[in-house]
Every structure is written in structure tokens, then in C-alpha cells.
Amino acid sequence: MDRFEYWEFLYRKEYETFCNSNLCGEDWFENYTDGGKKILDFIYSLREECTFRDCSFLDLGCGNGQFLLLVDPTKFTKIVGVDYSFSAIELAKAYSEKHHSPIEWLQADVFHLPPQVKAGNWNFIHDKGTLDAIELQGMKLVDDYIQIVVDLLAPKGYFVVTCCNKTLEELVSLLSGKLEFYKNLSYPSFRFGGQEGTVLVTAAFMK
């Protein structure tokens with residue numbers, strides 16, 4: 001089973017569960033982020049600091065849409081979620097209709113985005129676990145992905161990324177020369193083998 005088949009199988013099962021039992025699926029890292037609220041508050045703090053009159057929000061790798069549905073639609077003029085899994089997008093649409101959400105959902109590979117996304121000038125781009133998943137396929141794709149993010153961002157736009165495979169220092173180094181580190185979200189730290197770290201890193205970078 002390749003990566004696409006795995007996620008398609010997972011989200012198809014979640015979709016069937018939702019249709020049969022009205023139960024929502026899991027949001028990545030929800031146990032560490034208070035169900036995504038910590039990341040959301042971090043994004044809102046950035047939104048309050050920026051001076052954009054119209055502010056767009058793009059979620060790359062939105063999965064089942066659980067996180068994106070938490071976003072207050074009054075804070076952004078346009079909200080779009082993209083995922084390459086057909087079942088994930090169908091599930092997100094089903095959740096969205098239930099909550100009467102104005103979010104637009106698109107089924108697309110991040111490396112082959114539709115024109116309405118590829119046009120760019122996004123004020124916020126959100127990534128929760130997508131960079132992690134892409135890195136499993138090799139650093140060449142990571143470099144390509146980062147360039148896509150850079151091209152999509154508006155001047156002074158924010159790239160807010162949450163990952164579990166890198167430290168903050170590694171993220172800053174990875175994006176060096178492309179985007180400027182702005183600030184990060186603090187998580188509880190732990191010590192193991194003489195090293196101190198956190199389970200997750202959430203950081204904002206600016207173009």
C-alpha cells in the first residue's frame with residue numbers, strides 16, 4: 001500500500017463512520033494542541049498583528065478538515081482547504097455542510113495545484129503534518145514543497161507550520177534564505193538522554 005492508498009483507506013473509513021454514526025475523525029496532534037485551539041490562538045495573534053484589510057487562509061494538507069472548521073470565518077475573507085485524498089475532501093465537505101461553513105474544499109496534490117490556488121497571494125498558509133509526510137518521501141520533494149509555499153505566499157504573508165520530525169532550529173535552517181522566522185508557539189518540554197525538547201514545533205515564518 002503506497003502513501004496515497006494508505007490515506008485514502010483511512011479517510012474512507014472515517015467517512016463511512018461519519019455517515020453511519022455521525023462521529024468525527026481525529027485531528028492530527030490534537031492531544032498536544034488542546035484539540036487544535038493552541039495553534040488557532042497562535043494564528044489569531046498573528047492575524048491581529050498584521051495590517052491586511054483582506055486576509056486569505058490556505059490549509060495545505062487539510063485532511064478531514066477538523067482543524068480548519070475551528071477557524072473563525074469572520075477573521076478571513078477566504079478560507080480554502082486542499083488535500084490530495086478524495087475521501088478526505090468528501091469527509092471535510094460533509095462536516096462543513098453540517099456546520100454551514102463557508103470554507104472551500106479542493107481535492108488536489110500540493111505539487112499540482114489548481115489555478116485558483118496557484119494564483120498565489122495567500123496571506124496565511126497553514127501546514128500541520130504535511131511537511132512531515134512529504135519529508136518521508138525525500139528531501140528533494142521537501143525543497144520543491146517549500147518553494148511552492150514561498151511562491152504562494154503574499155508579501156509579508158505568514159507560513160504557519162506544525163511538525164513533529166524537526167526541532168525549531170532545524171525548521172529555521174530548512175527555511176533559511178526562503179522565509180524569515182517570526183515567532184513560535186511554546187509547548188511543554190521534556191528531557192530524554194540528556195537532551196531537552198518538545199513533541200511538536202509550531203512556528204510562523206514571514207515572506
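No gaps in the numbering here: position 10 of the sequence shown is 10 in UniProt numbering, and each next residue is one more.
Cβ coordinates follow ideal geometry from the N, Cα and C atoms, glycine included.
Quantities reported herein were computed from a predicted structural model and do not represent experimental measurements.
Segments of 3+ residues assigned as beta strand (DSSP E) that fall wholly inside the UniProt domain "Methyltransferase" (54-185): 56-60, 78-83, 104-107, 122-128, 153-163 and 180-185
Could you give the C-beta distance for residue 125 and residue 179, rounded to a whole number, given that I count them as a contact under 8 angstroms? Going by Cβ atoms, the distance from residue 125 to residue 179 rounds to 10 angstroms, so no, they are not a contact pair.
Using CA coordinates, which residue listed in 105, 97 and 152 is at the minimum distance from residue 123? 152
Of the residues 169, 181, 43 and 175, which one's Cα is nearest the Cα of residue 70? 43
Helix, strand or coil for residue 29, going by three-state DSSP, please let me know. coil
Name the one or two DSSP bridge partners that residue 202 has. 162 and 185
Tell me the rounded alpha-carbon separation between residue 183 and residue 201. 11 angstroms
Going by DSSP, what residue range makes up the alpha helix (DSSP H) through residue 41? 37-49
Can you tell me whether residue 147 is buried or exposed, with buried defined as 16 or more other CB within 10 angstroms of its CB? exposed
By alpha-carbon positions, which one of 53, 56, 77 and 128 ends up nearest to residue 63? 128
Pair every Cβ in the segment 160-168 with every Cβ in the segment 85-100, then say whether three or more of these pairs are closer than 8 angstroms. no
What's the call for residue 111, buried or exposed, on a 16-neighbour Cβ count within 10 Å? exposed
Rounded C-alpha distance that separates residue 56 from residue 154: 10 angstroms
CA-to-CA distance, residue 29 to residue 1, given in whole angstroms: Only weak support is given to the placement of residue 1: the predicted model assigns it a pLDDT of 49, under 50, and the value that follows is read from those uncertain coordinates. Those two C-alpha atoms are separated by around 24 angstroms.
For residue 141, which residues of its own chain have a beta-carbon under 7 angstroms away from its beta-carbon, when the five flanking residues on both sides are left out? 134
Buried versus exposed, by CB contacts within 10 Å (16 or more), residue 207: buried
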